[in-house]
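**Student:** Quick note: the sequence shown uses the working numbering, first residue 262, plus one each step.
What follows is a single structure, and I will ask about it in a moment.
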Amino acid sequence: MDRKKVIAGNWKMNMTAAEGAQLIADLKANCGGACGCCSAPEVMVFPPFTTIAAVQEAAKGTPLVVGAQNVHWATNGAFTGEISAKMLVEMGVNYVIIGHSERRQYFGETDETVNQRVKAALAAGMKVILCIGETLEEREKGVTEAVLEKQVRWDLADITKEQLENIILAYEPVWAIGTGKTATNEQAQEVHAFVRALIGKMYCPVCAGKIRILYGGSMKPANAEGLLAQPDIDGGLIGGAALKAADFIALVKAAC
Ligand code: PEP
262 MDRKKVIAGN WKMNMTAAEG AQLIADLKAN CGGACGCCSA PEVMVFPPFT
312 TIAAVQEAAK GTPLVVGAQN VHWATNGAFT GEISAKMLVE MGVNYVIIGH
362 SERRQYFGET DETVNQRVKA ALAAGMKVIL CIGETLEERE KGVTEAVLEK
412 QVRWDLADIT KEQLENIILA YEPVWAIGTG KTATNEQAQE VHAFVRALIG
462 KMYCPVCAGK IRILYGGSMK PANAEGLLAQ PDIDGGLIGG AALKAADFIA
512 LVKAAC
């Protein structure tokens, strides 16, 4: 099945509004050639909430998607520090990352809250990049597939086949995020194939063929080509290398 590749930059808690706008200006100035202005794969950036408006302004007239790094499940209410889907949609933000391992590790996110966030985002008409991944301890114990199956089943609980069309999965082994360690092409492909087959069992074979599954975890220009050449890897969710225009452009070109 023909799946359009995605290159998505997760800026995490980096980039002021001025820095973010400058990064987009650098991308626009240098992202020529085969990728046009970042249109061959779908190219997305996920700045901090406070930087979104400046990045949207800088990205005007380009196909660059500007998304958010999280969303709360309620529409409004007493949830200090949280942002709702309604607020994001009002700003023209239509994509959101949910379930990133840093949210799960440092901010107590569980599969249950991830599922609530996914449901709220979809109900508001947003599209979701849903992150899953095992820790090093889990990989060494040989329970990677069991961990991923639990995450996928819980995080997608009550999500219909139709809604699944608005979800991209991101397999991000926790031990590879920000560590410089990358899963080998074979390790990543094996997991992606497993997750795709699981979607086939949970939904339908066509659903499995359609869903895009990104790899995340120290993806950089030096290793992107091999990872992106794997049959079940449909792009990358990129942290560190998304903060440098030259590296991000090289990743976009690797996905062309
Ligand atoms: C991420 O945070 O989603 C990520 C993959 O980070 P890095 O590329 O820095 O490992």
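For each residue, glycine too, the CB sits at the ideal point set by N, CA and C.
(1) Answer yes or no: the CB of residue 498 versus the heavy atoms of the ligand PEP, is any distance below 7 Å?
(2) Note down the Cα distance separating residue 484 from residue 499, rounded to an integer number of angstroms.
(3) Taking the straight line between their C-alpha atoms, what separation do you get for residue 312 and residue 281?
(4) What separation, rounded to the nearest whole angstrom, lies between the Cα atoms of residue 306 and residue 292?
(5) Relative to the C-alpha of residue 393, which candidate in 387, 419, 438, 424 has its C-alpha closest?
(6) According to DSSP, residue 333 sits in a beta bridge with which residue or residues?
(7) Measuring only the C-alpha atoms, how far is residue 496 from residue 516?
(8) Could you name the residues of the same chain whose beta carbon sits closer than 6 Å to that of residue 377, not counting the 5 residues immediately before and after it, in chain order?
(9) Decide if residue 458 is buried, meaning its Cβ has at least 16 other Cβ atoms within 10 Å, or exposed.
(10) In chain order, what residues of the same chain lie with their CB nearer than 6 Å to the CB of residue 269, ignoring the 5 residues before and after it?
(11) Alpha carbons only, please: which of 375, 424, 511 is nearest the one belonging to residue 468?
(12) Output the boundary residues of the alpha helix (DSSP H) element that contains residue 463.
(13) Determine the direct distance from the alpha carbon of residue 406 to that of residue 400, and round the result to whole angstroms.
(14) Apart from the five residues on each side of it in sequence, which residues of its chain come closer than 6 Å, Cβ to Cβ, to residue 489?
(15) Can you tell me whether residue 414 is buried or exposed? The criterion is at least 16 other CB atoms within 10 Å of its CB, across all chains shown.
(16) In the DSSP output, what is residue 496 paired with across the bridge?
(17) Hey, would you say residue 385 sits closer than 8 Å to residue 346, going by beta carbons?
(18) How long is the line joining the alpha carbons of residue 331 and residue 273, rounded to whole angstroms?
(19) Within 7 Å: the Cβ of residue 266 and any heavy atom of the ligand PEP?
(20) Do residue 427 and residue 389 have their CB atoms nearer than 8 Å?
(21) Quick check: what's the CA-CA separation for residue 420 versus residue 440?
(22) For residue 339 versus residue 359, is the C-beta spacing smaller than 8 Å?
(23) My parser needs the alpha helix (DSSP H) runs of 4 or more residues fully inside the stretch 352–430; what are they?
**Tutor:** In short, the structure shows the following:
(1) Residue 498 sits at position 237 when you count from the first residue of the sequence shown. Within the cutoff, so yes.
(2) Walking along the sequence shown from the start, residue 484 turns up at place 223. Walking along the sequence shown from the start, residue 499 turns up at place 238. If I take the Cα positions, the gap works out to 12 Å.
(3) Taking the first residue of the sequence shown as position 1, residue 312 is located at position 51. Taking the first residue of the sequence shown as position 1, residue 281 is located at position 20. Their Cα atoms are separated by approximately 7 Å.
(4) Reading the sequence shown from its first residue, position 45 is the one you call residue 306. Reading the sequence shown from its first residue, position 31 is the one you call residue 292. Approximately 14 Å, taken between the alpha carbons.
(5) Here residue 393 refers to the residue found at position 132 of the sequence shown. Checked all of 387, 419, 438, 424; the closest Cα to residue 393 is 438.
(6) Here residue 333 refers to the residue found at position 72 when the sequence shown is read from its first residue. DSSP output for residue 333 lists 345 as bridge partner(s).
(7) To locate residue 496, count along the sequence shown from 1; it is residue 235. To locate residue 516, count along the sequence shown from 1; it is residue 255. The straight-line gap from Cα to Cα measures roughly 7 Å.
(8) The count along the sequence shown starts at 1 and reaches residue 377 at position 116. So the list reads 334, once near-sequence residues are dropped.
(9) Start at 1 with the first residue of the sequence shown, and residue 458 comes out as number 197. So residue 458 counts as exposed.
(10) Position 8 of the sequence shown, counted from the start, is the residue given in the question as residue 269. Same-chain partners within the cutoff: 305, 498.
(11) For the purposes of this step, residue 468 is taken as the residue at position 207 of the sequence shown. For the residues 375, 424, 511, the minimum Cα distance to residue 468 belongs to 424.
(12) Translated into the one-based positions of the sequence shown, residue 463 becomes position 202. Element bounds for residue 463: 446–463.
(13) By 1-based counting over the sequence shown, the position of residue 400 is 139. By 1-based counting over the sequence shown, the position of residue 406 is 145. So the two alpha carbons sit approximately 9 Å from each other.
(14) Within the sequence shown, numbered from 1, the residue matching residue 489 stands at position 228. Counting only Cβ-Cβ distances below 6 Å, and skipping sequence neighbours, we find 515, 516.
(15) Here the question's residue 414 lines up with position 153 in the sequence shown. With fewer than 16 Cβ atoms within 10 Å of its Cβ, residue 414 is classed as exposed.
(16) Along the sequence shown, read from residue 1 onward, the residue named residue 496 stands at position 235. BP columns for residue 496 point to 267.
(17) On the sequence shown, residue 385 is found 124 positions in, with the first residue counted as 1. On the sequence shown, residue 346 is found 85 positions in, with the first residue counted as 1. Residue 346 sits close to residue 385, with the two beta carbons spaced by under 8 Å.
(18) Residue numbering aside, residue 331 sits at position 70 when the sequence shown is read from its first letter. Residue numbering aside, residue 273 sits at position 12 when the sequence shown is read from its first letter. For residue 331 and residue 273, the distance between alpha carbons rounds to 10 Å.
(19) On the sequence shown, residue 266 is found 5 positions in, with the first residue counted as 1. No, the ligand PEP has no heavy atom inside 7 Å of this Cβ.
(20) Counting from one through the sequence shown, the residue named residue 427 turns up at place 166. Counting from one through the sequence shown, the residue named residue 389 turns up at place 128. Cβ atoms of residue 427 and residue 389: closer than 8 Å.
(21) Working through the sequence shown from its first residue, we reach residue 420 at position 159. Working through the sequence shown from its first residue, we reach residue 440 at position 179. Rounded to whole angstroms, residue 420 to residue 440 spans 33 Å at the Cα level.
(22) One-based indexing of the sequence shown puts residue 339 at position 78. One-based indexing of the sequence shown puts residue 359 at position 98. No.
(23) Complete alpha helix (DSSP H) runs here, min 4: 362–367, 372–384, 397–402, 405–416, 422–425.
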